[in-house]
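Residue numbers (this note's numbering), protein chains in the order written: chain S, 19 to 159; chain C, 528 to 613.
One structure is given below, encoded as structure tokens.
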């Protein structure tokens, strides 16, 4: 379970969908240890993924400033772990993976700056995890 | 849905309710929990798991949009709702 570190920016690939799996998008997010939320994505990724609008939220970000965003419901899949979560959605923003999402996925993360690798390991005290559903083979007549 | 309320209206009302009613009830005992506010009635649910609080709110007020705040993590009403201008 690995991500990358590019020019000191840690990133990892994950999948995201909202109301239906058919709209699953594969995205690359920045692991932001200064973001104690779950996940933040821009409109251009949120709408095609079919995220479900729940309302708005006010939160404080790492620099101490306060922000108000739309908040949606969606499912994140990372390293074969699947979890429904709240997702902040803003008009323009980088894709940010917050520390609470990493905890919720039951993962610990280690930044290996010498090899530019982000190592994820199973946490010894995992958060509540919803196992990824088994893929069932489907055929169309 | 709240057809007459836009996102910035929901956020503004939610923050008003939080600072006028909820803050004194939940801080600091429930700092870190998530509160989900139904802004038309002022009613709210809270839980350490935001999805649990949201589900409870949805069951009470199906089809509504809510305002979510992490208890103890905001200090003042927001002055700029530019992220909610659609």
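Cβ coordinates follow ideal geometry from the N, Cα and C atoms, glycine included.
Remember, it's a predicted structure, so these values are computed and weren't measured experimentally.
Do you know how far the Cα of residue j is from the Cα of residue i?
| i | j | result |
| --- | --- | --- |
| residue 596 of chain C | residue 105 of chain S | 13 angstroms |
| residue 75 of chain S | residue 54 of chain S | 14 angstroms |
| residue 472 of chain C | residue 35 of chain S | One cannot answer for residue 472 of chain C here, as it falls past the ends of chain C, which runs 528 to 613. |
| residue 32 of chain S | residue 556 of chain C | 35 angstroms |
| residue 536 of chain C | residue 137 of chain S | 42 angstroms |
| residue 534 of chain C | residue 594 of chain C | 9 angstroms |
| residue 130 of chain S | residue 110 of chain S | 29 angstroms |
| residue 24 of chain S | residue 547 of chain C | 45 angstroms |
Indicate whether residue i and residue j have their beta-carbon atoms separated by less than 8 angstroms.
| i | j | result |
| --- | --- | --- |
| residue 115 of chain S | residue 57 of chain S | yes |
| residue 87 of chain S | residue 558 of chain C | no |
| residue 139 of chain S | residue 123 of chain S | no |
| residue 563 of chain C | residue 544 of chain C | no |
| residue 70 of chain S | residue 91 of chain S | yes |
| residue 538 of chain C | residue 606 of chain C | no |
| residue 598 of chain C | residue 553 of chain C | yes |
| residue 568 of chain C | residue 583 of chain C | no |
| residue 578 of chain C | residue 102 of chain S | yes |
| residue 66 of chain S | residue 37 of chain S | no |
| residue 113 of chain S | residue 27 of chain S | no |
State the beta-bridge partners of residue i as determined by DSSP.
| i | result |
| --- | --- |
| residue 96 of chain S | S:99 |
| residue 596 of chain C | S:76, C:562 |
| residue 35 of chain S | S:93 |
| residue 84 of chain S | S:78 |
Consider the Cβ of residue i: report whether some Cβ of chain C lies at a distance smaller than 8 angstroms.
| i | result |
| --- | --- |
| residue 108 of chain S | yes |
| residue 93 of chain S | no |
| residue 117 of chain S | no |
| residue 104 of chain S | yes |
Give a yes or no on whether 8 angstroms exceeds the smallest Cβ distance from residue i to chain S.
| i | result |
| --- | --- |
| residue 611 of chain C | yes |
| residue 541 of chain C | yes |
| residue 546 of chain C | no |
| residue 571 of chain C | no |
| residue 605 of chain C | yes |
| residue 555 of chain C | no |
Taking all protein chains shown into account, decide if residue i is buried (16 or more other Cβ within 10 angstroms of its Cβ) or exposed.
| i | result |
| --- | --- |
| residue 11 of chain S | Outside the displayed span of chain S (19 to 159) sits residue 11 of chain S, for which this structure offers no information. |
| residue 39 of chain S | exposed |
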